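J.: Taken in order, these protein sequences are the chains called A and B.
Residues in the first sequence are numbered from 120 upward in steps of one, following the numbering used here.
Residues in the second sequence are numbered from 293 upward in steps of one, following the numbering used here.
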Amino acid sequence: MTQPTLPDMDILPAKHSPWRNLSFVWLVPILALLVSLGVAWQNYSNKGTLITIVFQDAAGITPKDTTIKFRDVIIGAVEDVKFTKDMSHVEVTARINKDVADTLSPETMFWVVRPEVSARGISGLSTVLSGVYLNAAWTPIEGSTARVFDGLKEAPLIRPGHEGTRIKIRSKNGTSLTPGAPVFFRGMEVGQLDTPRLSETGDSTDVEAFINAPYDKFLTTDSRFWNMAGFSVTLGPAGLDLNVASLGSLLTGGVAFENIVSGGQPVTNDTLFRLFANEAAARDSIFTQLSANSIKMSVIFTESVSGLASGAPVEYRGLRIGQITGIGAFIAKTATGGSKVHMRALISIDPQTLGLEATADAQATHDFIEKLVKDGMRARLATTSIFSAALKIELADLPDAAPAELADDADGTPIIPSVKSDLPDFTATAEGVLQRVNNLPIEEVMNQAVSLMAAIETIASAPGTQRAPDAILGLIEDARGLVGKEDTQAIPGELRGVIADLRSIVADLKEQGAAEQLASALKSFDKASADIATASGDLPALITDLRAIATKVNDLKAEELIAAVTRVMDSTDALIGTEGAKSIPPALASALTEVEAALKELREGGAITNTNAALASARNAADAVASAAKNFPDVTAQLDSVISKADALLSTYGAKSTFNSETLDLLRELKAAAKSVSQLARTIERNPNSLILGR
Amino acid sequence: MENAGSARGYLTAREAGLVNCTTCGRVHPAAATVCLRCGAPLASRDTQSLQKVWAWWVAGIIAFIPANTYPMLKTATLGKESASTLLGGILELVHHGSIGIAAIVFFASIVIPASKFFAIAYLALGIGRPSRLSAHRRHQVYEVVEFVGRWSMIDVFVVAILTALVQLGSAASIHPGIAAVSFALSVAFTMLSAQSFDARQIWDADKEHTK
């Protein structure tokens, strides 16, 4: 039996899925791939946003190395540095962390931080080793798309994000305002100035200032700012006054503010303040800026108002209560029907300064002044100071004045009744007095007095003089005998004639006014002495004696005069005998010459110019010092010249002044300070390592 | 002898109906599945060997890319931080004139790892294909790859030592970069790749070819 053979049949072999034999090891490369891709993606997505900052110059910025910091935290790095198309600027491309980049406001400030040595201190030392970095400052906003920014040339002094108030200060000129100069409040540094900029119209300088919190709460709408540029020299009735703020402000200048009156409103950002030249001007300014409820009045004068100017003060018992707002003339009908030109001054009075409530209305003020007038308050002209021809209006209480009332003029403005002033031309008088004092031949008088005394002494001690009393007795005896004689009886008649003659001679003398002249000369001398005494401090007792004489001369008692003169001569003699006094007459004479010259110049307006020029040159010197601070090695030389200038300035006011030595000491100390600063700068220059190593 | 007729003059264990233990070297009959001496699993041929080789190889290549593109070392000297990649470092060495050192680094860090990839790929591709190199030569190549593998870690050791030594605060400090980790992984992956290669397949391929 044959087995049927099965035909070869096509079979489909079992299909082995290629996946079944797949090794699990394949997971490793897949995992590695995923991780790599993940890392790459994360790296890419964290790469940050590309921004462009345009700078004037690259100043040490190196691609890749230079970082960008915000509040000292790195927020990005510079990728590339290249020129703009017109080659005028440098474009810095940088990558900023994504989350940070979205908050960049278009006003974001970028600047290069590099080591800096200035009068304000040393900053950026860390960059000596690590190279420069870019600093950024901005006020974060949401969803910003700004990507191109302008880089700053220098670090901004006022950075966004600082707590405080930003204000604007306007001044006539910005010469003494340097960027970064401090702002003081009661001597404390509370803020700083930005770079001064010319206003758009070009007639003033604006500078932004930043007052740090919490001090900005002291800033009110009534705050007054004044310049504290270096030092100030003022010449006034109290003599020379020298003010020096801190050494820092001497080099960089600075401004100060204070709330001179209370009740101001809190300020907001960008409030505009005016900068006054000095503290006194700032303090006076509260009067020039009258409060809203000030009341208008007028005063009518029949005399000349030369020297009275708009803005001049109105004072009541020495306190400034308002100012003159205008001066004009008008024609008034006189009682006899003729017409006369009268002067009218318009004044504004601030009720607050009179002690009334700040909210007092016009009626209340009017009533108050009406009452004062009823009690005898009168307006009159007065000089503002002994050295000035300027006038002010003084409201004086004169109970004896003719009764008057507060009347209204045609415009309805109340008129404060006026009286004639008793000092119409004081300056001329003062000048004449001093002129005459100056003309007095004091030295000759003294020399003559000395020789006179010597002669008197010789006569008194001469034996003939000793015998005089006896001779007089004999003489009297003789006279008695003579009187007894008949011839003598006839004498009285003749005597009477002689006496009449004598009387006429005396009358002649009186007419010639010799005694009055002497008296007035001595009176003038007295007045001058008083002035000199107040101006110069302690002069020898000579003046006291001279004054005593003057009073006696006033009484015109000849014997007493002679006695007093003798006393003066005695004391003068004694004084001349002392070593120190010998130098007084020339000093006095030269002092008087100078006072005279000063007065003359004052009258011609030259002294004010001189003072201005002196102050200007002092200010210029301060500026020079400020600019020198940027260049330390020059500081000493500049200060030298400042000192010589100051020396020259002060020597014109005489060597006797007490402030003189103090000023020179101060300046010398300043010089020494500057010298050591410049030495330090030179040391740093020679050996920068010393900053790090401390040697 | 049974193998006397063989042209190649050697007999594989498989041909002899035997299987040897790759762990301890003991020879067992072909049917044995577990080594009687050491307990290791026995297999005449590892059927998944090639797959494993390729898988580790691919993983090694993937790790090798960041090892060369990312910084190996981050050096911070006096506040300045600089990062250098492998190739960048070598170029810097050449710039400084240290051509000898540059050559060593280049050889150890680039040439050897790269040639390992090539060698493993060549061996793996050579299985089941005619080859110009004799089986014996190819086995030698495999031995060299296995031996050299561990020495490729020198780079990583250098980085590890520098990182540990140079920590002088702000004056100077060194941190390893991403490349260091990638490089170490790459070396480990290639070693695993070489290890999972079943060298016995070289002989099989040779045999089939010469039959």
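Each residue gets a CB set at the ideal place from its N, CA and C atoms; glycine is no exception.
Only a predicted model underlies this, so the values are computations on that prediction, with no experimental measurement involved.
With a threshold of 7 Å on Cβ separation, who are the neighbours of residue 377 of chain B within its own chain once the five nearest residues in sequence on each side are excluded?
T.: Closer than 7 Å at the Cβ level, and outside the excluded window around residue 377 of chain B, lie 360, 361, 362, 363, 364 and 471.
J.: Does residue 350 of chain B come within less than 7 Å of chain A when only Cβ atoms are used?
T.: Answer yes: the Cβ-Cβ gap between residue 350 of chain B and chain A drops below 7 Å somewhere.
J.: Does the distance from the CB of residue 231 of chain A to the CB of residue 251 of chain A come in under 7 Å?
T.: Yes, these two residues count as a Cβ contact at 7 Å.
J.: Whose C-alpha, out of A:322, A:196 and A:564, is nearest the C-alpha of residue 165 of chain A?
T.: Residue 165 of chain A has its Cα closest to that of A:196, out of A:322, A:196 and A:564.
J.: In its own chain, which residues sit with a C-beta less than 6 Å from the C-beta of residue 414 of chain A, not counting the 5 before and 5 after it?
T.: Contacts found: 468, 481 and 484.
J.: Nearest-angstrom Cα distance between residue 481 of chain B and residue 384 of chain B?
T.: Their Cα atoms are separated by approximately 29 Å.
J.: Would you call the stretch 513-532 of chain A and the stretch 559-571 of chain A touching, i.e. three or more CB-CB distances under 8 Å?
T.: Not touching, per the Cβ criterion.
J.: Can you check whether the C-beta of residue 463 of chain B is within less than 7 Å of a C-beta belonging to chain A?
T.: By this cut-off, residue 463 of chain B is not an interface position.
J.: From the beta carbon of residue 408 of chain B, is the nearest beta carbon of chain A less than 7 Å away?
T.: Taking Cβ atoms only, chain A never reaches closer than 7 Å to residue 408 of chain B, which makes this a no.
J.: Between the stretch 457-475 of chain A and the stretch 429-449 of chain A, do at least 3 Cβ pairs fall closer than 8 Å?
T.: As far as the Cβ criterion goes, the stretch 457-475 of chain A touches the stretch 429-449 of chain A, which means the pair count is three or higher.
J.: Go ahead and label residue 163 of chain A buried or exposed: buried means 16 or more other beta carbons lie within 10 angstroms of its beta carbon, across all protein chains shown.
T.: Residue 163 of chain A should be labelled exposed.
J.: Along the stretch 332-347 of chain B, what residues have a CB closer than 8 Å to any CB found in chain A?
T.: Under the 8 Å Cβ criterion, the stretch 332-347 of chain B contributes 339, 340, 343, 344 and 347.
J.: I believe residue 466 of chain B touches residue 455 of chain B by the beta-carbon criterion, under 8 Å. Please report the beta-carbon distance rounded to the nearest angstrom.
T.: Indeed they touch by this definition, with Cβ atoms about 5 Å apart.
J.: So which residues of chain B does residue 142 of chain A contact, with C-beta pairs closer than 8 Å?
T.: What residue 142 of chain A touches in chain B: 340, 343, 344 and 347.
J.: Measuring only between beta-carbons, confirm whether residue 224 of chain A sits less than 7 Å from chain B.
T.: Output row for residue 224 of chain A: interface = no.
J.: Helix or strand or just coil, what does DSSP make of residue 344 of chain B?
T.: Helix.
J.: Just how far apart, CA to CA, sit residue 377 of chain A and residue 540 of chain A?
T.: Their Cα atoms are separated by approximately 37 Å.
J.: Under the three-state reduction of DSSP, which class applies to residue 437 of chain B: helix, strand or coil?
T.: DSSP places residue 437 of chain B in helix when its eight states are reduced to three.
J.: For a contact meaning CB atoms closer than 7 Å, what does residue 355 of chain B contact in chain A?
T.: Simply 151.
J.: Are residue 329 of chain A and residue 374 of chain A close, meaning C-beta to C-beta below 7 Å?
T.: Taking 7 Å as the Cβ cut-off, residue 329 of chain A and residue 374 of chain A do not qualify as a contacting pair.
J.: Under 7 Å between C-beta atoms, does residue 752 of chain A make it to chain B?
T.: Bear in mind that a pLDDT of 46 at residue 752 of chain A, under 50, signals an unreliable position, so the model cannot answer this.
J.: What in chain A is Cβ-close to residue 513 of chain B, meaning under 9 Å?
T.: Because chain B in this structure spans residues 293 to 503, residue 513 of chain B falls outside the shown range and cannot be described.
J.: How many Å lie between residue 562 of chain A and residue 580 of chain A at the Cα?
T.: Their Cα atoms are separated by approximately 27 Å.
J.: Using only alpha-carbon positions, find the residue among B:353, B:436 and B:464 that is nearest to residue 373 of chain B.
T.: Comparing Cα positions, the closest option is B:464.
J.: For a test of the three-state rule: what should DSSP assign to residue 704 of chain A, helix, strand or coil?
T.: Its pLDDT being 49, under 50, residue 704 of chain A is placed unreliably by the model, and the measurement read from it follows with that caveat. In the structure shown, residue 704 of chain A sits in a helix (DSSP, three-state: H, G or I).
J.: Going by the beta-carbon positions, is the gap between residue 416 of chain A and residue 301 of chain A smaller than 7 Å?
T.: Not in contact: residue 416 of chain A and residue 301 of chain A (Cβ atoms no closer than 7 Å).
J.: Tell me whether residue 202 of chain A is buried or exposed, calling it buried when 16 or more other Cβ atoms sit within 10 Å of its Cβ.
T.: So residue 202 of chain A ends up on the exposed side.
J.: Is the stretch 484-492 of chain B touching the stretch 338-349 of chain B, taking contact as three or more C-beta pairs under 8 Å?
T.: Yes, since at least three Cβ pairs between the stretch 484-492 of chain B and the stretch 338-349 of chain B fall closer than 8 Å, the two stretches touch.
J.: What residue from A:553, A:454, A:437 and A:473 has the CA that sits closest to residue 503 of chain A's CA?
T.: The shortest Cα separation from residue 503 of chain A among A:553, A:454, A:437 and A:473 belongs to A:437.
J.: Do residue 311 of chain A and residue 276 of chain A come within 7 Å of each other at the CB atom, strictly closer than that value?
T.: Yes; because the gap between Cβ atoms is below 7 Å, this pair is in contact.
J.: Just grab the DSSP bridge partners of residue 446 of chain A for me.
T.: BP columns for residue 446 of chain A point to A:464.
J.: Mind pulling the alpha helix (DSSP H) runs of 4 or more residues that sit fully within the stretch 431-485 of chain B?
T.: List check, alpha helix (DSSP H) in window: 446-457.
J.: Once you ignore the five residues that flank residue 175 of chain A on each side, which residues in its own chain have a CB closer than 8 Å to its CB?
T.: For residue 175 of chain A, where only same-chain residues beyond five positions count, the Cβ hits under 8 Å are 208, 209, 270 and 272.
J.: Among the candidates A:222, A:296, A:185 and A:460, whose CA atom is the shortest distance from the CA of residue 317 of chain A?
T.: Ranking A:222, A:296, A:185 and A:460 by Cα distance to residue 317 of chain A puts A:296 first.
J.: Along the chain, where does the beta strand (DSSP E) that runs through residue 500 of chain A open and close?
T.: Segment 496-502, the beta strand (DSSP E) holding residue 500 of chain A.
J.: Can you name the residues of chain B whose CB is closer than 9 Å to the CB of residue 234 of chain A?
T.: Going along chain B, no residue has its Cβ under 9 Å from residue 234 of chain A, so there is no contact; the nearest lies around 13 Å.
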